[in-house]
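Throughout the sequence shown, residue numbering follows mature numbering (1 follows the signal peptide of the UniProt record, and there is no 0), covering -22 to -1, 1 to 378 in sequence. C-beta: ideal position from N, C-alpha, C; glycine also. One structure below.
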Amino acid sequence: MKSILLASASIVAFAIAGAAQAEVTFGGSATLGFNDDDDGDEGTPASNAVDDHDGFYWDATITIAATQDLDNGLTVGFSSEFDIADDNLGLDLESGSYVLSMTSEMASLFYGDTAFAAETYYEGVGDLDSDGFSEADGETVLRGEAMFGGFTLGMSYVIADADGDHVGDDANVDGDVDQLSLGANGEFGNFTVGFAYQEESDANGPLVGDGVADNGEAGEGTDVYDPVDTNGDFNTDEIFAIFGSTSVAGADISLAYASNETQDTTSTGVGVSYPVGPVVLGFEYGFNPDSLDTYELMVGYANGPVTVDASYSDNEDGTDEEYSVDASYDAGNNLTVFTGVHGGEDNTDELDYYVGGTLGLSDAASMTVSYAVDDDESEEDEIGAPEYQQGTTVEFSFDF
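Here it is in structure tokens:
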């Protein structure tokens, strides 16, 4: 509350202070490309296609950012962006990704399209079933943070879901904010520690004609606050987690413990990584007493122009196998080549693979040419580490 009051007072100061110089910057990006894929395998209905583009495609975005240093040590700023073209010759301008910020050396406040506190600070280890913290994706969020003694503590609330439906407009929710989210991390000595927490959400979901919510609870009204439907990464459960890491004899060791209080489940993750020359070896294990334990082996190699990352993961029953190899080569003259393969259960035993390259035409322009195969559409047109599209793609990108 003190941080909020401080920021509120600073808004008044901003309105009357004119001595400090404001800074407003504009930027933008544009893309023009061609993809030859026909939206899925033969016989796949168009409604089920996951292809990003078919044929020529283009888009352009304008970004704006403004900052103002106030006399009391507070800096006020905002940022937003406008899509001005998306496979057409122009759009009615509608801004997105708006964030208002008020920052100082000791505390900060963010309002708009910003992350929740728990996801901001939480550092998970392994594939844990009980650490499914909500991840913001278009919600209106109020988040504050404070720094002291080498630690950073953050707190956030949801103000509106990704469709703009406000918490306070929902008769089934008591209050104007939802799902308190907390997080913190810091260092002391050779240790990094932290915690994360989110309370159970009051969201009921949209009401149908008989006044009954998706979860069967009675209510009134329509178009109510529904973060679950508008964001698949929003979790209504109450979750608590602690985590830490340290280095011993050259090895990095990480631990995490999570408890889903709503589902009454717990998970523990352990991770170790160790460098051997240009190679880094890694191993993570997730203990999930209420389901299946998981593990992952990782190998990373970086030497001169070559980088290679490989991983293999599965669960204790051997029913969730995944493996991948991603490599890149800096060929010089601003050309980088990428290739890789992905496979496993999530790929329905189909092997996905890709090859491509990016040529830097200048500091603000590049050309990418790629060929990728994902017959079972398991990677949904984000194939491999570069997230290439299915088929052959030629794309030009520009930054302004």
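Query, Result
"C-beta atoms of PHE221 and ALA229 nearer than 7 Å", "no"
"Straight-line gap, TYR307 to VAL333 (C-alpha atoms, nearest Å)", "11 Å"
"Straight-line gap, GLU177 to ASP148 (C-alpha atoms, nearest Å)", "18 Å"
"DSSP-derived helix/strand/coil call for residue 383", "One cannot answer for residue 383 here, as it falls past the ends of the chain, which runs -22 to 378."
"Where the beta strand (DSSP E) through ASP70 begins and ends", "From DSSP, ASP70 is part of no beta strand (DSSP E); its letter is neither H nor E."
"Under the three-state DSSP convention, the category ASP147 falls into", "helix"
"Exposure of THR3, with buried meaning 16 or more beta-carbon neighbours within 10 Å", "exposed"
"Whole runs of the beta strand (DSSP E) within the stretch 293 to 371, excluding any shorter than 3 residues", "300 to 310, 313 to 322, 330 to 340, 343 to 351"
"DSSP-derived helix/strand/coil call for THR3", "strand"
"C-beta contact flag for SER112 and PHE173 at 7 Å", "no"
"CA nearest to the CA of VAL258, picked from ALA280, THR81, VAL248", "ALA280"
"Beta-carbon spacing of LEU270, GLU294 below 7 Å", "yes"
"PRO253: first and last residue of the uninterrupted beta strand (DSSP E) it sits in", "243 to 254"
"Where PRO267 falls, given that 16 or more other Cβ within 10 Å makes a residue buried", "exposed"
"Cα-Cα separation between TYR203 and TYR135, rounded to whole angstroms", "14 Å"
"Nearest to GLY132 (by Cα), restricted to the options THR214, SER159, GLY104", "SER159"
"Spatial distance of ALA191 from THR224 (CA atoms)", "Below a pLDDT of 50, predicted positions are generally treated as unreliable, and ALA191, at 47, falls in that range; the measurement from the model is reported next regardless. The straight-line gap from Cα to Cα measures roughly 47 Å."
"Own chain partners of THR214 with C-beta closer than 7 Å, once the 5 adjacent residues on each side are dropped", "GLU178, SER179, ALA181, VAL206"
"Cβ separation of ASP163 and THR130, assumed to be a contact under 8 Å, to the nearest whole Å", "Looking at the sequence provided, one finds Asn at residue 163 rather than Asp. Right, the Cβ-Cβ distance comes to about 6 Å (below 8 Å), so this counts as a contact."
"Paired residues, beta bridge with TYR135 - DSSP", "LEU120"
"Exposure of THR297, with buried meaning 16 or more beta-carbon neighbours within 10 Å", "exposed"
"Touch test, the stretch 73 to 89 against the stretch 235 to 253, Cβ-Cβ under 8 Å, three pairs minimum", "no"
"Straight-line Cα distance separating PRO283 from ILE42", "36 Å"
"contact_flag[the stretch 103 to 112, the stretch 245 to 264] where n(CB pairs < 8 Å) is 3 or more", "yes"
"Beta-bridge partners of THR159, as assigned by DSSP", "Reading the sequence as shown, one finds Ser at residue 159 and not Thr. According to DSSP, which records beta bridges pairwise, SER159 is partnered with SER134, GLN176."
"Cβ-based neighbour list, ASP65, same chain, cut-off 6 Å, excluding 5 preceding and 5 following", "TYR35"
"When ASP141, GLU274, GLY146, LEU313 are compared against SER302, the one with the closest alpha-carbon", "GLU274"
"As assigned by DSSP and simplified to three states, the class of ALA181", "coil"
"For THR285, the three-state DSSP class (helix, strand or coil)", "strand"
"Proximity winner among LEU52, ASP91, TYR349, VAL250, relative to MET84 (alpha-carbon distances)", "LEU52"
"Where the beta strand (DSSP E) containing GLU262 begins and where it ends", "257 to 265"
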